[in-house]
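Asker: The structure follows.
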Amino acid sequence: MDRRLFLKTGLTTAAFMAGAPVLIAGCRPGLRSRLTAESLSVPTEIPGLTSDGHQILHYASLAPSGHNSQPWIVRIKGPDHWIIGLDPHRQLSVVDGHNFEALLSIGSFLENLVQAAAAYGYRVHPATLATDRFDTDVVSLRLEKTRPEKMDLQRLVSRRTVKSHFSDRQLTAEDVTAFTRLADDHLFYFPAGTRHAGLMAEQAVENYILQMKNTEAVQEMARWTRLKNADITARRDGLTPDGMEIHGLAGWYVRHFMDPADVTGTTFVNKGIEKIRGLSQQGAGWLVITGDGHTPADLVASGRRCQRMALEAKARRVAIHPMSQTLEEDRGQTHIR
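Following this line, the structure appears as C-alpha coordinates:
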(Lines of atoms letter the chains of each structure in order from A and count residues from 1; the text may use other names and numbers.)
(Lines give C-alpha, C1' and ligand atoms only; values in the text may rest on other atoms or scores of the structure.)
Protein backbone atom coordinates (compact mmCIF):
# COMPACT_ATOMS: atom_id res chain seq x y z
CA MET A 1 0.00 0.00 0.00
CA ASP A 2 1.32 3.47 -0.87
CA ARG A 3 2.73 5.22 2.20
CA ARG A 4 0.47 8.23 1.52
CA LEU A 5 -2.59 6.00 1.57
CA PHE A 6 -1.83 3.46 4.28
CA LEU A 7 -4.84 4.74 6.23
CA LYS A 8 -7.77 4.74 3.85
CA THR A 9 -10.40 5.92 6.31
CA GLY A 10 -9.85 9.50 7.37
CA LEU A 11 -6.93 11.62 8.52
CA THR A 12 -4.41 10.52 11.10
CA THR A 13 -4.98 12.38 14.35
CA ALA A 14 -2.53 10.82 16.80
CA ALA A 15 -0.16 7.89 17.09
CA PHE A 16 0.93 6.11 20.26
CA MET A 17 3.69 3.67 21.05
CA ALA A 18 2.18 0.84 23.08
CA GLY A 19 3.67 -1.74 25.42
CA ALA A 20 3.49 -3.16 28.90
CA PRO A 21 6.42 -2.12 31.08
CA VAL A 22 7.01 -3.01 34.69
CA LEU A 23 6.88 0.66 35.67
CA ILE A 24 3.27 1.31 34.65
CA ALA A 25 1.87 1.78 38.17
CA GLY A 26 1.41 5.54 37.90
CA CYS A 27 3.61 8.49 38.74
CA ARG A 28 6.15 7.94 41.45
CA PRO A 29 5.58 9.91 44.69
CA GLY A 30 7.11 13.34 44.46
CA LEU A 31 6.53 16.90 43.41
CA ARG A 32 3.80 16.23 40.85
CA SER A 33 1.63 14.19 43.24
CA ARG A 34 2.06 16.81 45.97
CA LEU A 35 1.08 19.64 43.64
CA THR A 36 -1.94 17.66 42.44
CA ALA A 37 -3.16 17.15 46.00
CA GLU A 38 -2.60 20.82 46.84
CA SER A 39 -4.56 21.97 43.77
CA LEU A 40 -7.58 19.91 44.77
CA SER A 41 -7.62 21.39 48.28
CA VAL A 42 -7.57 25.05 47.16
CA PRO A 43 -10.77 26.78 48.34
CA THR A 44 -13.19 27.91 45.65
CA GLU A 45 -12.61 31.61 45.04
CA ILE A 46 -13.96 32.05 41.49
CA PRO A 47 -17.27 33.89 41.29
CA GLY A 48 -20.04 31.67 39.98
CA LEU A 49 -18.08 28.44 40.45
CA THR A 50 -19.36 25.94 42.98
CA SER A 51 -17.23 23.56 45.02
CA ASP A 52 -18.24 20.74 42.69
CA GLY A 53 -17.34 22.88 39.70
CA HIS A 54 -13.92 23.63 41.16
CA GLN A 55 -13.14 19.94 41.62
CA ILE A 56 -14.47 18.99 38.17
CA LEU A 57 -12.20 21.59 36.55
CA HIS A 58 -9.28 20.39 38.64
CA TYR A 59 -9.63 16.89 37.19
CA ALA A 60 -10.11 18.32 33.71
CA SER A 61 -6.84 20.25 34.06
CA LEU A 62 -4.90 16.98 34.44
CA ALA A 63 -5.40 16.26 30.73
CA PRO A 64 -2.32 15.86 28.51
CA SER A 65 -1.16 18.59 26.11
CA GLY A 66 1.79 19.30 23.84
CA HIS A 67 4.83 20.42 25.90
CA ASN A 68 2.38 20.32 28.84
CA SER A 69 1.37 23.81 27.72
CA GLN A 70 -2.23 23.39 28.99
CA PRO A 71 -3.70 25.66 26.26
CA TRP A 72 -7.23 25.72 27.67
CA ILE A 73 -9.01 28.59 29.35
CA VAL A 74 -12.48 28.42 30.96
CA ARG A 75 -14.98 31.27 31.24
CA ILE A 76 -17.65 30.80 33.88
CA LYS A 77 -20.91 32.14 32.48
CA GLY A 78 -22.82 30.64 35.40
CA PRO A 79 -22.69 27.64 37.75
CA ASP A 80 -23.95 25.36 34.98
CA HIS A 81 -22.71 27.18 31.85
CA TRP A 82 -19.02 27.26 30.91
CA ILE A 83 -17.06 28.21 27.79
CA ILE A 84 -13.86 26.29 27.07
CA GLY A 85 -11.45 28.19 24.89
CA LEU A 86 -7.87 28.40 23.65
CA ASP A 87 -5.47 30.62 25.54
CA PRO A 88 -3.44 32.45 22.84
CA HIS A 89 -0.54 32.81 25.30
CA ARG A 90 -0.26 29.02 25.65
CA GLN A 91 -0.25 27.95 22.02
CA LEU A 92 2.81 26.40 20.39
CA SER A 93 3.12 28.66 17.38
CA VAL A 94 6.12 26.80 15.92
CA VAL A 95 5.61 23.12 16.72
CA ASP A 96 1.82 23.33 16.39
CA GLY A 97 1.40 26.06 13.82
CA HIS A 98 -1.93 24.66 12.58
CA ASN A 99 -3.41 24.36 16.09
CA PHE A 100 -4.08 20.66 15.57
CA GLU A 101 -2.62 19.59 18.90
CA ALA A 102 -4.11 22.53 20.77
CA LEU A 103 -7.59 21.37 19.78
CA LEU A 104 -6.75 17.75 20.51
CA SER A 105 -5.73 18.98 23.97
CA ILE A 106 -9.07 20.75 24.36
CA GLY A 107 -10.72 17.43 23.51
CA SER A 108 -8.70 15.63 26.19
CA PHE A 109 -9.59 18.36 28.69
CA LEU A 110 -13.28 17.98 27.78
CA GLU A 111 -13.16 14.19 28.16
CA ASN A 112 -11.65 14.50 31.65
CA LEU A 113 -14.27 17.10 32.50
CA VAL A 114 -17.14 14.85 31.33
CA GLN A 115 -15.87 11.90 33.37
CA ALA A 116 -15.28 13.99 36.49
CA ALA A 117 -18.68 15.65 36.14
CA ALA A 118 -20.36 12.24 35.97
CA ALA A 119 -18.67 11.25 39.24
CA TYR A 120 -20.03 14.39 40.92
CA GLY A 121 -23.53 13.88 39.54
CA TYR A 122 -23.64 16.07 36.42
CA ARG A 123 -24.36 15.32 32.79
CA VAL A 124 -22.41 17.55 30.38
CA HIS A 125 -24.01 18.90 27.19
CA PRO A 126 -21.20 20.28 24.97
CA ALA A 127 -21.64 22.27 21.75
CA THR A 128 -18.77 23.31 19.47
CA LEU A 129 -18.58 27.07 18.94
CA ALA A 130 -15.37 27.35 16.90
CA THR A 131 -15.53 27.24 13.12
CA ASP A 132 -11.85 28.08 12.63
CA ARG A 133 -8.89 26.34 14.32
CA PHE A 134 -7.72 29.67 15.74
CA ASP A 135 -11.04 30.78 17.25
CA THR A 136 -10.69 31.63 20.94
CA ASP A 137 -14.02 30.15 22.10
CA VAL A 138 -14.09 26.45 21.24
CA VAL A 139 -16.80 24.64 23.21
CA SER A 140 -19.85 25.79 25.14
CA LEU A 141 -21.11 23.36 27.74
CA ARG A 142 -23.97 23.14 30.16
CA LEU A 143 -24.09 20.96 33.25
CA GLU A 144 -27.29 19.15 34.19
CA LYS A 145 -27.68 17.75 37.71
CA THR A 146 -28.24 14.00 37.74
CA ARG A 147 -27.35 10.91 39.75
CA PRO A 148 -23.60 10.41 40.36
CA GLU A 149 -21.93 7.62 38.41
CA LYS A 150 -19.20 5.33 39.66
CA MET A 151 -16.08 6.67 37.95
CA ASP A 152 -12.46 5.90 38.72
CA LEU A 153 -11.12 9.45 38.94
CA GLN A 154 -7.75 8.16 40.16
CA ARG A 155 -7.09 7.17 36.54
CA LEU A 156 -7.18 10.88 35.61
CA VAL A 157 -4.61 11.61 38.31
CA SER A 158 -2.22 8.72 37.71
CA ARG A 159 -2.34 8.64 33.90
CA ARG A 160 1.11 9.22 32.54
CA THR A 161 3.29 9.12 29.45
CA VAL A 162 5.88 6.37 29.67
CA LYS A 163 9.23 6.86 27.95
CA SER A 164 11.15 3.64 28.59
CA HIS A 165 11.10 -0.08 29.50
CA PHE A 166 8.43 -1.09 26.99
CA SER A 167 7.67 -4.77 26.49
CA ASP A 168 7.47 -6.08 22.92
CA ARG A 169 4.62 -8.43 23.81
CA GLN A 170 1.73 -7.78 21.41
CA LEU A 171 -1.50 -6.34 22.71
CA THR A 172 -4.28 -8.83 23.30
CA ALA A 173 -7.35 -8.94 21.09
CA GLU A 174 -9.36 -7.89 24.14
CA ASP A 175 -7.19 -4.79 24.63
CA VAL A 176 -7.43 -3.79 20.98
CA THR A 177 -11.21 -4.31 20.95
CA ALA A 178 -11.63 -2.12 24.03
CA PHE A 179 -9.43 0.65 22.61
CA THR A 180 -11.23 0.53 19.26
CA ARG A 181 -14.63 0.81 20.92
CA LEU A 182 -13.56 3.81 23.00
CA ALA A 183 -12.10 5.45 19.88
CA ASP A 184 -15.45 5.11 18.07
CA ASP A 185 -13.88 2.64 15.59
CA HIS A 186 -11.35 5.30 14.55
CA LEU A 187 -8.35 3.22 15.63
CA PHE A 188 -5.77 1.00 13.92
CA TYR A 189 -3.28 -1.26 15.68
CA PHE A 190 -0.03 -1.98 13.87
CA PRO A 191 1.91 -4.68 15.78
CA ALA A 192 5.68 -4.36 16.10
CA GLY A 193 7.49 -5.89 13.16
CA THR A 194 4.82 -5.07 10.58
CA ARG A 195 5.49 -2.80 7.62
CA HIS A 196 3.13 -0.13 8.88
CA ALA A 197 4.70 -0.15 12.36
CA GLY A 198 8.06 0.36 10.67
CA LEU A 199 6.65 3.28 8.70
CA MET A 200 5.30 4.92 11.86
CA ALA A 201 8.67 4.56 13.60
CA GLU A 202 10.55 5.90 10.59
CA GLN A 203 8.29 8.93 10.29
CA ALA A 204 8.40 9.71 14.03
CA VAL A 205 12.21 9.78 14.02
CA GLU A 206 12.55 11.67 10.72
CA ASN A 207 10.13 14.39 11.78
CA TYR A 208 11.62 14.70 15.26
CA ILE A 209 15.03 15.28 13.68
CA LEU A 210 13.45 17.95 11.46
CA GLN A 211 12.14 19.68 14.58
CA MET A 212 15.51 19.52 16.31
CA LYS A 213 17.11 21.15 13.27
CA ASN A 214 14.59 23.97 13.51
CA THR A 215 16.12 26.58 15.82
CA GLU A 216 12.75 28.20 16.53
CA ALA A 217 11.19 24.85 17.50
CA VAL A 218 14.05 24.09 19.90
CA GLN A 219 13.79 27.56 21.42
CA GLU A 220 10.04 27.08 21.88
CA MET A 221 10.73 23.80 23.71
CA ALA A 222 13.23 25.62 25.92
CA ARG A 223 10.62 28.24 26.82
CA TRP A 224 8.36 25.46 28.09
CA THR A 225 11.08 23.67 30.06
CA ARG A 226 10.91 23.83 33.87
CA LEU A 227 13.96 22.38 35.58
CA LYS A 228 14.09 23.91 39.07
CA ASN A 229 11.61 22.82 41.75
CA ALA A 230 10.74 26.44 42.50
CA ASP A 231 9.88 27.05 38.83
CA ILE A 232 7.85 23.83 38.63
CA THR A 233 5.90 24.76 41.77
CA ALA A 234 5.23 28.31 40.60
CA ARG A 235 4.22 27.49 37.01
CA ARG A 236 2.77 23.97 37.24
CA ASP A 237 3.12 23.38 33.51
CA GLY A 238 5.76 22.66 30.90
CA LEU A 239 8.45 19.99 30.53
CA THR A 240 9.92 18.89 33.85
CA PRO A 241 12.68 16.41 34.74
CA ASP A 242 10.07 13.97 36.09
CA GLY A 243 8.00 14.36 32.95
CA MET A 244 11.07 13.66 30.82
CA GLU A 245 11.98 10.71 33.10
CA ILE A 246 15.28 12.23 34.13
CA HIS A 247 15.73 10.71 37.58
CA GLY A 248 18.50 9.78 39.99
CA LEU A 249 21.87 11.47 39.71
CA ALA A 250 21.04 12.83 36.27
CA GLY A 251 17.86 14.40 37.64
CA TRP A 252 19.74 15.95 40.55
CA TYR A 253 22.29 17.44 38.15
CA VAL A 254 19.62 18.83 35.82
CA ARG A 255 17.68 20.42 38.69
CA HIS A 256 20.75 22.08 40.21
CA PHE A 257 23.06 22.93 37.34
CA MET A 258 21.07 23.24 34.12
CA ASP A 259 18.98 26.11 32.83
CA PRO A 260 16.26 26.03 30.13
CA ALA A 261 18.73 27.66 27.72
CA ASP A 262 20.84 24.48 27.93
CA VAL A 263 17.99 22.63 26.22
CA THR A 264 19.01 24.29 22.95
CA GLY A 265 22.55 22.90 23.20
CA THR A 266 23.87 20.18 20.92
CA THR A 267 24.30 17.63 23.72
CA PHE A 268 20.69 17.88 24.93
CA VAL A 269 19.32 17.86 21.37
CA ASN A 270 21.35 14.81 20.38
CA LYS A 271 20.28 12.99 23.54
CA GLY A 272 16.67 13.69 22.61
CA ILE A 273 17.13 12.29 19.11
CA GLU A 274 18.85 9.21 20.53
CA LYS A 275 15.98 8.72 22.99
CA ILE A 276 13.29 8.98 20.29
CA ARG A 277 15.18 6.67 17.92
CA GLY A 278 15.48 4.02 20.63
CA LEU A 279 11.91 4.47 21.82
CA SER A 280 10.51 4.07 18.31
CA GLN A 281 11.94 0.53 18.18
CA GLN A 282 10.42 -0.57 21.49
CA GLY A 283 6.97 -1.73 22.46
CA ALA A 284 4.10 -3.82 21.16
CA GLY A 285 3.52 -1.58 18.17
CA TRP A 286 1.54 1.51 17.27
CA LEU A 287 -2.01 2.62 17.97
CA VAL A 288 -3.16 5.17 15.42
CA ILE A 289 -6.33 7.19 15.97
CA THR A 290 -7.90 8.83 12.94
CA GLY A 291 -10.30 11.74 12.59
CA ASP A 292 -12.97 12.75 10.12
CA GLY A 293 -11.33 16.04 9.19
CA HIS A 294 -9.49 19.14 10.39
CA THR A 295 -12.39 21.22 11.69
CA PRO A 296 -12.40 22.23 15.36
CA ALA A 297 -15.27 19.83 16.04
CA ASP A 298 -13.39 16.97 14.35
CA LEU A 299 -10.20 17.62 16.33
CA VAL A 300 -11.98 18.02 19.67
CA ALA A 301 -13.78 14.72 19.05
CA SER A 302 -10.47 13.05 18.23
CA GLY A 303 -8.88 14.46 21.37
CA ARG A 304 -11.67 12.91 23.40
CA ARG A 305 -11.05 9.55 21.71
CA CYS A 306 -7.34 9.79 22.48
CA GLN A 307 -7.98 10.49 26.15
CA ARG A 308 -10.57 7.74 26.54
CA MET A 309 -8.07 5.30 25.08
CA ALA A 310 -5.24 6.62 27.27
CA LEU A 311 -7.31 6.24 30.44
CA GLU A 312 -8.35 2.72 29.47
CA ALA A 313 -4.72 1.88 28.72
CA LYS A 314 -3.85 2.95 32.26
CA ALA A 315 -6.54 0.68 33.68
CA ARG A 316 -5.26 -2.24 31.56
CA ARG A 317 -1.63 -1.64 32.54
CA VAL A 318 -0.68 -0.85 28.96
CA ALA A 319 1.94 1.87 28.71
CA ILE A 320 1.64 4.47 25.95
CA HIS A 321 3.80 7.26 24.63
CA PRO A 322 2.27 9.84 22.24
CA MET A 323 4.45 10.20 19.15
CA SER A 324 3.00 13.30 17.50
CA GLN A 325 6.04 14.44 15.53
CA THR A 326 4.54 13.30 12.21
CA LEU A 327 1.40 15.29 12.92
CA GLU A 328 3.41 18.40 13.78
CA GLU A 329 5.61 18.63 10.67
CA ASP A 330 4.27 19.60 7.24
CA ARG A 331 6.45 16.93 5.64
CA GLY A 332 5.01 14.29 7.92
CA GLN A 333 1.43 15.32 7.23
CA THR A 334 1.87 14.78 3.48
CA HIS A 335 2.78 11.14 4.20
CA ILE A 336 -0.26 10.30 6.35
CA ARG A 337 -3.15 11.95 4.52
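Under my numbering, residues 6 to 342 are what the sequence shown spells out, in order.
Beta carbons: idealized from backbone N, C-alpha and C, even for Gly.
With a CB to CB cut of under 7 Å and the five nearest residues on each side skipped, what residues in its chain are close to N104?
Answerer: Taking the first residue of the sequence shown as 1, we reach residue 104 at position 99. Same-chain partners within the cutoff: Q96, R138 and F139.
Asker: Who are W291's beta bridge partners in DSSP?
Answerer: Here residue 291 corresponds to residue number 286 of the sequence shown, with the count starting at 1. For W291, which the question treats as bridged, DSSP gives the partners M22 and F195.
Asker: Confirm, please, whether the CB-CB distance from I81 to I61 is below 9 Å.
Answerer: In the sequence shown, the residue the question calls residue 61 occupies position 56. In the sequence shown, the residue the question calls residue 81 occupies position 76. No, they are not a contact pair.
Asker: Look at the Cβ atom of Q175, then the Cβ atom of G290, and state whether they are nearer than 9 Å.
Answerer: For the purposes of this step, residue 175 is taken as the residue at position 170 of the sequence shown. For the purposes of this step, residue 290 is taken as the residue at position 285 of the sequence shown. A contact, by the Cβ cut-off of 9 Å.
Asker: Taking I88 as part of the beta strand (DSSP E), name the residues at either end of that continuous run.
Answerer: The sequence position of residue 88 within the sequence shown is 83, counting from 1. From DSSP, the beta strand (DSSP E) with I88 extends over H86 to L91.
Asker: Quick check on this structure: which residue in I88, W87 and N117 has the alpha carbon closest to the alpha carbon of S66?
Answerer: Counting from one through the sequence shown, the residue named residue 66 turns up at place 61. S66 has its Cα closest to that of N117, out of I88, W87 and N117.
Asker: Got a sec? Which residues, its chain only, sit under 8 Å from Q338 by beta carbon, not counting five neighbours each side?
Answerer: Taking the sequence shown and counting its residues from 1, the one referred to as residue 338 is at position 333. Excluding residues within five positions, the ones whose Cβ falls inside 8 Å are T331 and L332.
Asker: Are there 16 or more other CB atoms within 10 angstroms of the CB of I294, so buried, or fewer, so exposed?
Answerer: Sequence index remark: in the sequence shown, residue 294 carries index 289 (1-based). Under this definition I294 is a buried residue.
Asker: Is it buried or exposed for R336, if we count other Cβ within 10 angstroms and need 16 for buried?
Answerer: In the sequence shown, the residue the question calls residue 336 occupies position 331. With fewer than 16 other Cβ atoms within 10 Å, it is exposed.
Asker: Taking the C-alpha atoms as reference points, what is the distance between P265 and G283?
Answerer: Here residue 265 is taken as the residue at index 260 of the sequence shown, counted from 1. Here residue 283 is taken as the residue at index 278 of the sequence shown, counted from 1. Answer to the nearest angstrom: the Cα atoms are 24 Å apart.
Asker: So that I know if they touch, is there some Cβ in chain C lying closer than 9 Å to that of H326?
Answerer: The question asks about chain C, but that chain is absent: this structure has only one protein chain.
Asker: Could you check the C-alpha separation between E207 and H201 for me, to the nearest Å?
Answerer: Counted from its first residue, the sequence shown places residue 207 at position 202. Counted from its first residue, the sequence shown places residue 201 at position 196. For E207 and H201, the distance between alpha carbons rounds to 10 Å.
Asker: Assuming R128 contacts E149 under a Cβ cut-off of 8 Å, what Cβ separation, rounded to an integer in Å, is found between them?
Answerer: Within the sequence shown, the letter at position 123 stands for residue 128. Within the sequence shown, the letter at position 144 stands for residue 149. Rounded, the Cβ-Cβ distance is 5 Å, consistent with contact.
Asker: Taking the C-alpha atoms as reference points, what is the distance between L161 and K276?
Answerer: As a first step, residue 161 must be located in the sequence shown, where it is residue number 156. As a first step, residue 276 must be located in the sequence shown, where it is residue number 271. Going by the C-alpha atoms only, they are around 30 Å apart.
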